[in-house]
Each structure stands twice: as C-alpha cells, then as structure tokens.
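Presented below is the structure to which this report refers.
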Amino acid sequence: MSAETDRALAPLRLRGGRIVVFFIWVNVLAIVPTGLIHNHGDTWLVLALGLANAALPTWLIWRRQNDGQSRYVLCLALILFPMLYVYLFRGDPWQMEMHMYFFVCFSLMVLLCDPRPIILAAAVTILHHVLFYFFAPSWVLPYTGGISRMLFHGFLVSCEVAILIAVIRQITEQTVETRKAQDDTEAAREQAEEARMAAEQALEAARVAELRAETENRSRLLAEAELKSASDRRRLVTADDIEASIGALISDLGTVAAHFNHQALDITSVSGLLADEAQALRVASEDAMRSITSMAANSEQLADSIRVVGRNAHQAQDVAAATASAIAKLGPGIAVLSQEVDAAQSILQMVSNIANQSNLLALNASIEAARSGDAGRGFAVVAGEMKQMAVATSRAASEISQKLRGIVAAADAFRLQLDMSTGRVDEITDSSSAITAAVEEQQGATEAIARGADAVFAKVSQTDSRSHRLNEAAGRNRAIADTTIKLADQLDERSRALKARMEGLLLQLRAA
Amino acid sequence: MSAMKSLWTSGCLRSFAQASILLGTIAVVTLMPPRQGAILIVSLSGQNEGQIARWAIDHQARLLGPGPWKHSLIVVGERAALLGASVDEGALLLPGAAGCGKEGWA
Numbered sequence: 169m170s171a172e173t174d175r176a177l178a179p180l181r182l183r184g185g186r187i188v189v190f191f192i193w194v195n196v197l198a199i200v201p202t203g204l205i206h207n208h209g210d211t212w213l214v215l216a217l218g219l220a221n222a223a224l225p226t227w228l229i230w231r232r233q234n235d236g237q238s239r240y241v242l243c244l245a246l247i248l249f250p251m252l253y254v255y256l257f258r259g260d261p262w263q264m265e266m267h268m269y270f271f272v273c274f275s276l277m278v279l280l281c282d283p284r285p286i287i288l289a290a291a292v293t294i295l296h297h298v299l300f301y302f303f304a305p306s307w308v309l310p311y312t313g314g315i316s317r318m319l320f321h322g323f324l325v326s327c328e329v330a331i332l333i334a335v336i337r338q339i340t341e342q343t344v345e346t347r348k349a350q351d352d353t354e355a356a357r358e359q360a361e362e363a364r365m366a367a368e369q370a371l372e373a374a375r376v377a378e379l380r381a382e383t384e385n386r387s388r389l390l391a392e393a394e395l396k397s398a399s400d401r402r403r404l405v406t407a408d409d410i411e412a413s414i415g416a417l418i419s420d421l422g423t424v425a426a427h428f429n430h431q432a433l434d435i436t437s438v439s440g441l442l443a444d445e446a447q448a449l450r451v452a453s454e455d456a457m458r459s460i461t462s463m464a465a466n467s468e469q470l471a472d473s474i475r476v477v478g479r480n481a482h483q484a485q486d487v488a489a490a491t492a493s494a495i496a497k498l499g500p501g502i503a504v505l506s507q508e509v510d511a512a513q514s515i516l517q518m519v520s521n522i523a524n525q526s527n528l529l530a531l532n533a534s535i536e537a538a539r540s541g542d543a544g545r546g547f548a549v550v551a552g553e554m555k556q557m558a559v560a561t562s563r564a565a566s567e568i569s570q571k572l573r574g575i576v577a578a579a580d581a582f583r584l585q586l587d588m589s590t591g592r593v594d595e596i597t598d599s600s601s602a603i604t605a606a607v608e609e610q611q612g613a614t615e616a617i618a619r620g621a622d623a624v625f626a627k628v629s630q631t632d633s634r635s636h637r638l639n640e641a642a643g644r645n646r647a648i649a650d651t652t653i654k655l656a657d658q659l660d661e662r663s664r665a666l667k668a669r670m671e672g673l674l675l676q677l678r679a680a
Numbered sequence: 722m723s724a725m726k727s728l729w730t731s732g733c734l735r736s737f738a739q740a741s742i743l744l745g746t747i748a749v750v751t752l753m754p755p756r757q758g759a760i761l762i763v764s765l766s767g768q769n770e771g772q773i774a775r776w777a778i779d780h781q782a783r784l785l786g787p788g789p790w791k792h793s794l795i796v797v798g799e800r801a802a803l804l805g806a807s808v809d810e811g812a813l814l815l816p817g818a819a820g821c822g823k824e825g826w827a
C-alpha cells in the first residue's frame, strides 16, 4: 500500500478506529447485564478480561495512533468479544447464535480499511477452532459432522473475509480517487485564489499607476509650458553657441583630416621606399649567402689540399731523415774501405819486393847455372822460368797497385759527394720542416676562414630574416597608411556633411 | 530500555501484547471449569477413575461418566468444592461441557 493511499485513507481509518473502540466499550458495558441475566458465575472475571482487552486499543486511539500495528491491535481486541459472549452464553440454547457475532465484528473491521488485520483475526478464529478440534473435538463441535463441518465453517469465514477485502479495496480506490480529486480541486482553488489575489493586486496597482499618471501628466503639461518659453529663449542662444563651437570643431576636423591625408601619403611613400630597400637588402643578403657558401666550399677544398701538402712534406722530411741516416752510415764504410786499400797496398808492396827478390834470385841462379855448364842447363831453364814468373808477378803487383789507387781516388770522390749530399739532405729536412710549419699555419688560417664564413653566414641569415620582417612591416605600414587615408577621406566627408547638416539645423532652430 | 522503546514505537510490541491478551482470554474461557455443572477431572498423579471418583464424591460431586482420556472422569459438582481437593490430589479441573456447544463430554 503506497504512502499516497495511506495518506488518503488516514482520516477514514481514524474515524473507523474510534467507532471500533466505541463498539468495544459497548461490549464491555454489556458484559455485566448479560452475565447477570444468564446468572453466569464468572461474570466479573469476564468483565476483567474485557477491560484488559479494551485498554490498549483505547489508549492507541486516544493518542491518535493509526498505523498498521494499531489496526492489528484493534482487530485482535474486537474479535475477542464474540468469544467472551459465547463463554457467557455457555449452557444457553442461544449460545450457537452468538457465534454469528463473529461475522458482525468482521464486518465492523471494514471501517479500518485494511484487509490485513481482518485476515489475521479470521486466521486466529479458524486456527483456535482447528487446534481445539484436534485436541478436544467435543469442545468445538459437540454435534455430529466432525471435520467436514469444521471445514465448512472455515470456508464460510474465508468467504466473509474475501468479500470484506473486496469491499475494502473498492472503498480504498474510491477514497484515493476522491482524495486525489480533492487535492486537485484544492490545488486548482489555491491557484485560482492566488490568481485572484494577483489580479486584485494588479488592478490596485493599475489604479494607483493611473492616478499617478494623471498627476504626472498635469505636472508635465505645466512643466512643458514653462519649458517651452524657456527653451525658446535658450534655443537662439544655444544655436549661436553651437554654431560657434561646432563650427570651429568641424573646421578643425577638416584640417585634421587633410593633415592625416598628407601624413598617410608620406607614410605610404616611405613604406614603399622601405619595402624597396628591404627587397634590395634581401637580394644582397641572398647573394652574400651564396658567395659565403661558395667560399666555405673553396676553403674546405683548400684545407684538403693543405692537408695533402702537409702529409707529403711530412713524408719528404721522413725520407730526408732516412737518407741522412743512410749517408751517415756510408761515411764509416768508406773510411774502412780506404784503410783496407792501404793495407792491400802494403801487402802489394811486399809482393813486389818478393818478386824483385825472386828475379834477383833467378838471375843469380842463371849465373850459377852458366857456371855449371851442361849440368846446370836444366837449372838454367828453371831459373829462367822463375825470372819470368818474378817479372810477371811484379807487373801484376804494379797493375793491382794502380787499380787500388784508382779505388782510393774513387772512394775519396765518393766521400766528397757524400759530404755534399749530407749538406743537401739537411737542407731538404729544414725545408720540409718549414713546409710543415707553414702548412699547419695555413690549416689554422683555413679553419679561421671557415669559422668566419659560418659567422658571416649566420649574420647574413639574420639580415635576410630581418629584411623579411622589414618588408612585412613596410607592407603593414602601407596598409595602415591606406586605411588612414580612407579614414581621413571619410572624416573629411563627414565633417562636410556635418557642417551642412549643422547649418540646416541652425536655420531650423532659429526659425522655430 | 531503548530497544524496548523502539520496539514499542515500531508497533510490534503493541500487537504482541494484544495477542497475548487474546490468547490468555481464549485459554481462560476454554479451559475454565464452570462454577457449577459438568466438570472434567484429569488426574496428573496417575490415579485411576475409582480413586478420582472417591474423593470427588467426598466433595459432593455426582458421577456423570468416564472422561475422554485415561485417568479422567466427568462429574457434576461445584468448582469451589472440588478445587481444593484437586490441588491436594494432583488433578486438573476442566469444563465438562463444550465451549461452543451444549452437550460437551457427557
């Protein structure tokens, strides 16, 4: 059950709860006379039970408690009284008829508009009968029929409960719809009331505004009359003032426009010159960049050539050093050769001496052989041969000596040439060293040239970009100058129009 | 205490209290023997029907018949007269007539 339904049914339930409590107290009050009429021995006990049963529902309704649990309490209290009256009618032939009182109480629970307590009360009624049927069947149904009659009673109670639930549902739906309609009507009434009040306020405000407007209108007419006379006087004075002040202003405006025009033309011509210069500077900087690029390439080639020359000079220096070393080693060899030749000359002299002595010996032998006659003939032959051999040996020694002298002379000449070569090689070494130093200096100079070319290239690049910006600035200057010329023309035109209009207005003002 | 208060506020305790009253009333009206009339005596101490009949007659009761269970007897007498003896003899007094009808156990 939604909160909206609860809210709609709340007044109905509270009113029903009050009726139920009233009904409970009617039952409580009827206990004593009923007990006395039937001369029941436990009348006061039943009265005490009835009072205990009525206490909590009464307190809840007095506190205006109307929630679901309170409705359970009301229904449980209500269903107890048929039991009490059945008990009071015990032994009376009408006791069975008192059982119909249960249905009366069930029907009364419809006033609470809640099916759940009715279901609970019916369940309690049926359950306690079923329990007693199994525990003590003769207490519940003393007559014949047994379980089938019990089930039939349960069926009837269930039908009663179902009908009551259907009635409650219809009441609930109708109540909710009615409440909704009431809410809508109330909302519409409140809106209408607010609209009526707003209309009344607007009407009152309109009346006040109308009165105020009439008053202000009268005041305005009076003020207008006074104003008109004053304004007529003032108009002529104002016209003179306007002519004096605005005329001078218009004249100044024309002068300013003309001045602007001249200035803008000057700016345009200067901008053109500036753009041309910037363009020329750009062309020059591009040429310079190309030249510097070419120079950088050439300096790179020059550096390569210098590096090759340096390497060659180094190699020549190395070769000269190796040659000097070799020549230095040749000197001692020549000296040793001269000593060996001198030794050979000594030996050759000894050979020559031996040959002379052999010749002399052969001569003596020939002489002795001649003295010996025939016996010495063979010896004379040997002596002759020996003489010839000594002469040949002497002649060979002489030739060898000549050859050795030639060798000595050649060795001397060779030593002289070596000395001269050593001096030239030293000169070559010195020249190579000088070349190497010069090459290193040239490499340094070439690198400095390359760095200078890079720096010049960077500067020329900056110059090129600045010439770009200068050209753009000149373009913007020219555009501004063009705009200024247009504005000056417009200003001149407007000042002329203003002058004409002011003259017309002054004529009208003076004529008014 | 606060739990009790919240239980009361929620309404469950109210319904429980009223249900207890209802169940107590059902028990009373169902199990209370009549002031005078048919009374069912059920011995809880194991007395047989003869022993029950003996002390019941001693207290001005008339025998009406056997009870529905073993060790039970239905008599006609006064509740007040039999109540003291039943306590002494360890017996239970129940209504002899039906709660919802006329005839009861007899």
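In order, the protein sequences belong to chains P and X. Per the numbering used here, the very first residue in the first sequence carries number 169; after that it's consecutive. Per the numbering used here, the very first residue in the second sequence carries number 722; after that it's consecutive. C-beta atoms are modelled at their ideal positions from N, C-alpha and C, and glycine is treated no differently.
Asked	Found
Give me the DSSP bridge partner(s) of Ile760/X.	Val796/X, Pro816/X
Can you pull the chain P residues whose beta carbon is under 9 Å from the beta carbon of Arg756/X, in chain order?	His208, Gly209, Asp210
What do you reckon, are the CB atoms on Ala289/P and Ile331/P nearer than 9 Å?	no
Label Gly811/X either buried or exposed according to how many other C-beta atoms from any shown protein chain fall within 10 Å of its C-beta, with 16 as the threshold for buried.	exposed
For Ala806/X versus Leu794/X, is the C-beta distance shorter than 9 Å?	no
Which one or two residues does DSSP pair with Arg783/X in a beta bridge?	Val797/X
Cβ of Ile502/P within 9 Å of Cβ of Val593/P?	no
Give the range of the alpha helix (DSSP H) segment to which Lys791/X is assigned.	Neither: Lys791/X is in no alpha helix (DSSP H) and is coded neither H nor E.
Give the single residue among Met588/P, Ala530/P, Ala565/P whose Cα lies nearest to the Cα of Gly552/P.	Ala530/P
Taking the runs of the beta strand (DSSP E) that are 3 residues or longer, which of them lie wholly in the region 336-391 of chain P?	none
Considering only residues of the same chain and omitting the five flanking positions on each side of Ile339/P, which have a CB-CB separation below 8 Å?	Leu180, Val278, Cys281
From Glu824/X to Leu219/P, what does the alpha carbon distance come to, in whole angstroms?	Because the pLDDT of Glu824/X is 46, which lies under 50, any placement of that residue in the model is unreliable, and the number read from its coordinates should be weighed accordingly. Near 30 Å, if we compare the C-alpha coordinates of Leu219/P and Glu824/X.
Between Tyr240/P and Tyr253/P, how many whole angstroms is the CB-CB distance? I'm expecting something under 8 Å.	Rounded, the Cβ-Cβ distance is 22 Å, inconsistent with contact.
Could you give the distance in angstroms between the alpha-carbon of Ala548/P and the alpha-carbon of Leu572/P?	36 Å
Take Gly745/X as the anchor and find which of Ala668/P, His296/P, Ile336/P has the nearest alpha-carbon.	His296/P
How many Å lie between Ala827/X and Pro789/X at the Cα?	Confidence is the limiting factor: at Ala827/X the pLDDT is only 37, short of 50, which leaves the residue's position unreliable, though a coordinate-based value still follows. The straight-line gap from Cα to Cα measures roughly 10 Å.
List, in chain order, every chain P residue whose beta-carbon is nearer than 7 Å to that of Ala740/X.	Leu244
Starting from the C-beta of Ser526/P, find all residues in its chain whose C-beta is less than 6 Å away, skip the five residues before and the five after it, and write them out in chain order.	Ala558
Between the alpha carbons of Glu661/P and Arg646/P, how many angstroms are there, rounded?	22 Å
To the nearest angstrom, how far is the alpha carbon of Asn466/P from that of Val628/P?	19 Å
Check the C-beta distance from Arg678/P over to Leu404/P and give it rounded, since I have them as a contact under 8 Å.	6 Å
Among the residues of its own chain, which have a CB less than 6 Å from the CB of Ile603/P, if the five just before and after it don't count?	Ala481
Going by beta-carbon coordinates alone, are Gln485/P and Ser589/P separated by less than 9 Å?	no
Would you say Ile653/P and Thr423/P are within 9 Å of each other, going by their C-beta atoms?	no
Determine the direct distance from the alpha carbon of Thr343/P to that of Met264/P, and round the result to whole angstroms.	37 Å
Can you name the start and end residues of the alpha helix (DSSP H) that Phe737/X belongs to?	733-752
Beta-carbon within less than 8 Å of His267/P's beta-carbon, same chain only, minus the 5 sequence neighbours each way: which residues are those?	Pro250, Val254
State yes or no: is the C-beta of Ala407/P within less than 9 Å of the C-beta of Leu674/P?	yes
From Ser569/P, Thr226/P, Ser540/P, Ser453/P, pick the residue whose C-alpha is nearest to that of Glu508/P; which is it?	Ser569/P
By the DSSP assignment, the alpha helix (DSSP H) with Met268/P in it spans what residues?	Unbroken run through Met268/P: none, as it is neither H nor E.
So the candidates are Ala216/P, Gly185/P, Ile187/P, Phe190/P; which of them puts its Cα closest to the Cα of Val200/P?	Ala216/P
Quick one: what does DSSP say Asp622/P is sitting in, helix, strand or coil?	helix
In chain order, what residues of the region 746-771 of chain X put their CB closer than 8 Å to some CB of chain P?	Thr746, Ile747, Val749, Val750, Thr751, Met753, Pro755, Arg756, Gln757, Gly758
Who are the near neighbours of Phe257/P in its chain, counting only those whose CB is closer than 7 Å to its CB and skipping five residues on each side?	His206, Gln263, Met266
Along chain X, in chain order, which residues have C-beta atoms closer than 9 Å to that of Leu252/P?	Thr746, Val750
Consider the Cβ of Arg800/X: report whether some Cβ of chain P lies at a distance smaller than 9 Å.	yes
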